[in-house]
Every structure is written in structure tokens, then in C-alpha cells.
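Notes follow the structure.
Residue numbers (my numbering): 57 to 109.
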């Protein structure tokens, strides 16, 4: 691979990561609205604070 191809691939990965992060945040918000932030479902959906306890 050339350096320009690697740079293009890196840019694409970063773009996809941003998109995935946004989708994940919206999904977690939806779970919080439906079940509450202190629910088991919220923790299983990816509540980061559960990992800090």
C-alpha cells in the first residue's frame, strides 16, 4: 500500500468510528428513556459508569 492509500483508509476508519459512536450514543439514550439509567438493560447496553464501579 502506498502512503496515500493508507491515509485514505485511516480517514475512512475515523469517519466510520465517528458514525458508530453517534449511533451508540443514540441507542444508549433510547435504552435510558425506555428503561431508566439505573436499569439492568441500560447497564447491558453499554453504561460506562457500570465499568467504573
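The beta carbon of each residue, even a glycine, is placed where N, CA and C say it ideally should be.
Between residue i and residue j, which are expected to be in contact by the criterion C-beta below 8 Å, what is the C-beta distance as a whole number of angstroms?
{"i": "residue 96", "j": "residue 88", "result": "Not confirmed; about 12 Å, so no contact."}
Taking C-beta to C-beta, are residue i and residue j nearer than 7 Å?
{"i": "residue 84", "j": "residue 102", "result": "yes"}
Given this structure, state the Cα-to-Cα distance separating residue i from residue j, to the nearest angstrom.
{"i": "residue 62", "j": "residue 76", "result": "21 Å"}
{"i": "residue 81", "j": "residue 94", "result": "16 Å"}
{"i": "residue 57", "j": "residue 91", "result": "47 Å"}
{"i": "residue 74", "j": "residue 105", "result": "21 Å"}
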